[in-house]
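Which chain is which? The protein sequence lines are F, R, Z and W, in order. Under the numbering used here, residue 149 is the last one in the first sequence; the count climbs by one each step, no gaps. Under the numbering used here, residue 149 is the last one in the second sequence; the count climbs by one each step, no gaps. Under the numbering used here, residue 153 is the last one in the third sequence; the count climbs by one each step, no gaps. Under the numbering used here, residue 153 is the last one in the fourth sequence; the count climbs by one each step, no gaps. Below is one structure; the comments refer to it alone.
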Amino acid sequence: MKVLVQAERFDLGAQNAAFAAGHRDMGAIVTFTGIVRDLPDDPLVAMEIEHYPAMTEKAIAAMAQEATERFNLGDVLVIHRYGRLEPGEMIMMVATAARHRRDAFEAATYLMDYLKSRAPFWKREITAKGAAWVASTDEDEAALSRW
Amino acid sequence: MKVLVQAERFDLGAQNAAFAAGHRDMGAIVTFTGIVRDLPDDPLVAMEIEHYPAMTEKAIAAMAQEATERFNLGDVLVIHRYGRLEPGEMIMMVATAARHRRDAFEAATYLMDYLKSRAPFWKREITAKGAAWVASTDEDEAALSRW
Amino acid sequence: MDVLYFAWVRERIGIAREKVETQAATVSDLVAELRGREERYAAAFEDVSALRVALDQELADFDAALDGVREVAFFPPMTGG
Amino acid sequence: MDVLYFAWVRERIGIAREKVETQAATVSDLVAELRGREERYAAAFEDVSALRVALDQELADFDAALDGVREVAFFPPMTGG
């Protein structure tokens with residue numbers, strides 16, 4: 003299991019390739035990558051992500067451990083950035099390795115649902131008019147009830 | 003949409019990075035990678051994949067088109083190999099890009115369920131004792147009834 | 073029409089493709105004809121529930137009509153992904 | 073104990089962390105104390121249903137006891153991923 007919480011960009015291709023190469027005993031690898039949207043007429047100038055340094059890694063590692071047990075994972079990787087991100091930049095990624103595709107998919111979905119609503123990050127959208135905190139959604143909270 | 007059916011290996015990292023970089027307007031990228039298992043005491047020497055050349059790309063493109071409409075995808079990539087593969091080699095990958103993570107996850111799961119049971123590939127496992135066709139499973143067939 | 077065989081269907085019949093002259097109206101009729109030819113065909117088509125068929129590269133049912141079809145392919149359930 | 077504030081809770085209160093001397097038995101008791109201090113605290117804690125709390129870096133409920141707790145953090149619902 004690897005959890006990285008960092009301000010720096012990460013190399014999705016290299017991370018995915020290294021993760022897959024490290025799990026030849028697993029048949030199925032799933033990745034999710036979250037990207038700051040970059041739409042033509044969107045006023046978004048940047049996204050700022052605040053986090054709770056003493057808690058973040060610990061909370062993510064607990065989720066990753068839970069996912070590992072629940073879905074029989076061979077390995078899991080979570081990278082999550084904080085700080086100021088421009089449109090089009092990657093925010094985070096997860097990767098899961100399992101014997102069976104269903105476990106790899108479910109584990110990645112589970113991790114995303116928990117990271118959305120239980121990892122101590124707070125996003126703020128910066129536009130020319132000012133900054134606004136991103137509100138959590140009922141939909142994101144409801145997604146957790148599935149697990 | 004891109005569909006590649008090839009004997010050659012593919013570069014997962016480069017494919018995933020290029021796919022994500024090409025979709026800055028999408029917030030969510032999901033990939034699945036299938037790997038020939040490489041277990042310590044497994045007698046598997048190689049996996050041979052036969053396919054139906056005139057049908058394969060057409061069938062996969064139809065699945066990708068259906069997934070695009072059903073899950074509002076911004077883009078989809080499928081790479082599937084045929085021929086002889088050694089343990090640890092990558093068999094195939096899919097990548098989906100969507101605005102929302104749920105669509106990206108569901109589309110990738112949908113594509114995998116269909117590729118498993120509806121794309122014209124037949125796997126054969128080679129061991130020291132001989133070769134045996136991989137049987138389709140009721141579980142794989144049942145997975146389709148979800149959609 | 074061209075008739076193609078894949079995987080263990082190909083192995084049992086011993087060839088990957090052949091030209092077949094037939095008046096068969098449906099896939100099932102064609103299967104009955106082929107089954108009557110030789111033991112290796114009878115072995116390949118013994119249990120059609122274990123087989124799939126594509127007409128001109130599209131999956132079809134065994135009761136599908138063969139009107140205008142140029143290529144029929146028989147194979148076991150697919151194992152892609 | 074150390075009390076930390078994040079996101080708009082931090083903005084409303086105007087500081088990211090502070091030392092608080094308290095005899096509060098539970099998180100709710102602590103919230104009541106802080107709310108009584110000044111308008112900016114009252115504004116931050118106006119609707120606790122919009123808040124989350126962590127005790128020593130673990131998510132907790134507002135009725136959780138503060139015995140032995142060294143760090144309390146208040147923040148809005150998280151928006152990670």
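For each residue, glycine too, the CB sits at the ideal point set by N, CA and C. Fair warning: this is a prediction, and the values are worked out from it, not measured in the lab.
- Within chain W, F78, R124, A126, Q129, L131, A145, F147, M150 and G152 have C-beta atoms less than 9 Å from the C-beta of P122/F, given in sequence order.
- Residues of the region 60-88 of chain R whose Cβ lies closer than 8 Å to any Cβ of chain F: none.
- Shown here for A110/F: same chain residues with a beta carbon closer than 8 Å to its own, the five before and five after excluded, namely V32, T33, F34, V96, A97 and T98 in chain order.
- Between V75/W and F147/W, the gap from beta carbon to beta carbon reaches 8 Å or more.
- Straight through space, the alpha carbons of M3/F and Q67/F are spaced by roughly 8 Å.
- Against chain R, the beta carbon of G15/F has neighbours under 7 Å at G15, A16, N18 and A19, listed in chain order.
- Using a Cβ-Cβ cut-off of 8 Å, V136/F does not count as an interface residue toward chain R, since no Cβ of chain R sits closer than that to its own.
- Y84/R carries a coil assignment under DSSP once its states are collapsed to helix, strand and coil.
- Under a 10 Å Cβ-count criterion, S121/W is classified as exposed, with fewer than 16 other Cβ atoms of the shown protein chains found around its own Cβ.
- Boundaries of the alpha helix (DSSP H) harbouring T70/R: P55 to R72, taken from the DSSP string.
- Cβ contact annotation for S138/R (same chain, cutoff 7 Å, sequence separation greater than five): S119, in chain order.
- Going by C-alpha positions, G24/F is about 29 Å away from M28/R.
- Under the Cβ distance rule, M49/R does not count among the residues neighbouring chain F, no pair being separated by less than 8 Å.
- Taking the Cα positions, L102/Z is about 10 Å away from D135/Z.
- Within chain W, the residues placing a beta-carbon under 8 Å from that of Y54/F are L76, F78, A126, Q129, A145 and F147, ordered along the chain.
- In the DSSP assignment, F123/R forms a beta bridge with H53/R.
- In summary, D133/W is exposed, with fewer than 16 beta-carbon neighbours lying within 10 Å of its beta-carbon over all protein chains present.
- In the structure shown, I87/W adopts coil according to DSSP, grouped into three states.
- The beta carbon of M114/R sits closer than 8 Å to some beta carbon of chain F.
- Rounded to the nearest whole angstrom, the C-alpha separation of D139/W and E130/W is 14 Å.
- Residue environment analysis places D105/F among the buried positions, since at least 16 neighbouring C-beta atoms fall within 10 angstroms of its C-beta.
- With respect to the C-alpha of R124/W, the residue from W124/F, W149/F and L14/F having the closest C-alpha is W124/F.
- With fewer than 16 neighbouring CB atoms inside 10 Å of its own CB, R109/W falls in the exposed class.
- Distance from the CA of Y112/R to the CA of E141/F, rounded to the nearest whole angstrom, comes to 22 Å.
- Here A137/Z is exposed. Its C-beta has fewer than 16 other C-beta atoms within 10 Å.
- As far as DSSP is concerned, K131/F takes part in no beta bridge.
- Contact between the region 60-74 of chain R and the region 62-80 of chain F is absent, with fewer than three C-beta pairs closer than 8 Å.
- Shown here for A133/R: same chain residues with a beta carbon closer than 6 Å to its own, the five before and five after excluded, namely R126 in chain order.
- Taking a contact to require three or more Cβ pairs closer than 8 Å, the region 41-52 of chain F and the region 49-58 of chain R do not qualify as touching.
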